[in-house]
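To start, the structure itself, in structure tokens.
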Amino acid sequence: MTIAHVGERLLTPGEVAALFRVDPKTVTRWATAGRIGSIRTPGGHRRFRESEVKTLLAELTTEATG
């Protein structure tokens, strides 16, 4: 687990899923597998750094079009 940068937006699994057009459970599996980093809230919910999500999305988009 990592600490979010101050002021960086954290996304819910549902928000990340909408960006990738996958189910939120898929995003949770990616986090469990280490494909994408996540942060746990005090209540145990996952949150994802917006910058990391956008970077992964750009990489996957480049791979798909390349």
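For the record, in the sequence shown the residue sitting at position 30 is 30 according to full-length UniProt numbering, with numbers rising by one throughout. Just so it is clear, CB atoms sit at the ideal spot from N, CA and C, and this is done for glycine as well. Remember, predicted model here, so these are calculated numbers, not experimental data.
By a beta-carbon distance limit of 8 Å, A17 contacts T26. Their separation comes to about 7 Å. For R35, there is no enclosing alpha helix (DSSP H), as DSSP marks it with neither H nor E. Around the C-beta of S51, fewer than 16 other C-beta atoms lie within 10 Å, and the residue is accordingly described as exposed. E8 and E15 have their C-alpha atoms roughly 15 Å apart. Taking C-beta atoms as the reference points, L11 and I36 fail to come closer than 7 Å.
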